[in-house]
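In the numbering used here, the protein residues as written are 199 to 374.
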């Protein structure tokens, strides 16, 4: 089978209103893709940047090896950025996704994130009690066709460095 290796890291994030951030992430691929080795998801540590530092650093490794029968369902990465307050309570800061680059080599990728706006009542509740609006179905993160009905606002940016290596795509008539 044709093979795809994704090796790199989730470098960090910037532009978020909150500090003390961590990131949940995962890879989604079509039914013609199988994970041969590696983890197709995980969570970074919580970064507590010094006062005045505008970004967080995670340096979280990504190392996944896929076997593919078709280009249909090319892998994409989804992200959830969370904030942890001084009391250990967690609150959502943003969702985002990106397609894994299709060309071989090293790639620097920036993923713009977004948050659901919520109703006026939900905004008022979040202001006084906390707990920002969240998605009911998390598949919407990486399915942009379903997202057009949502009222959202921009959040921060996640930075990735991904190395992509393709093998035997031509041999098995899987064009890239």
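The C-beta atom is built at its ideal place from N, Cα and C for all residues, glycine as well. Computed from a prediction, not measured in an experiment: that's the story for all the values here.
Residues that DSSP places opposite residue i in a beta bridge
| i | result |
| --- | --- |
| residue 208 | 258 and 358 |
| residue 314 | 350 |
| residue 226 | 274 |
Buried versus exposed call for residue i [16 or more other C-beta atoms within 10 Å across all chains shown]
| i | result |
| --- | --- |
| residue 281 | buried |
| residue 363 | exposed |
| residue 219 | buried |
Residue i - DSSP class collapsed to helix/strand/coil
| i | result |
| --- | --- |
| residue 333 | coil |
| residue 203 | strand |
| residue 220 | strand |
| residue 365 | strand |
| residue 234 | strand |
Alpha carbon of residue i to alpha carbon of residue j, nearest angstrom
| i | j | result |
| --- | --- | --- |
| residue 311 | residue 203 | 25 Å |
| residue 370 | residue 268 | 9 Å |
| residue 333 | residue 313 | 9 Å |
| residue 234 | residue 340 | 22 Å |
| residue 317 | residue 356 | 26 Å |
Problem set entry | In chain order, each beta strand (DSSP E) run of at least 3 residues that lies wholly inside the region 264–309 | Correct list: 274–282 and 288–297.
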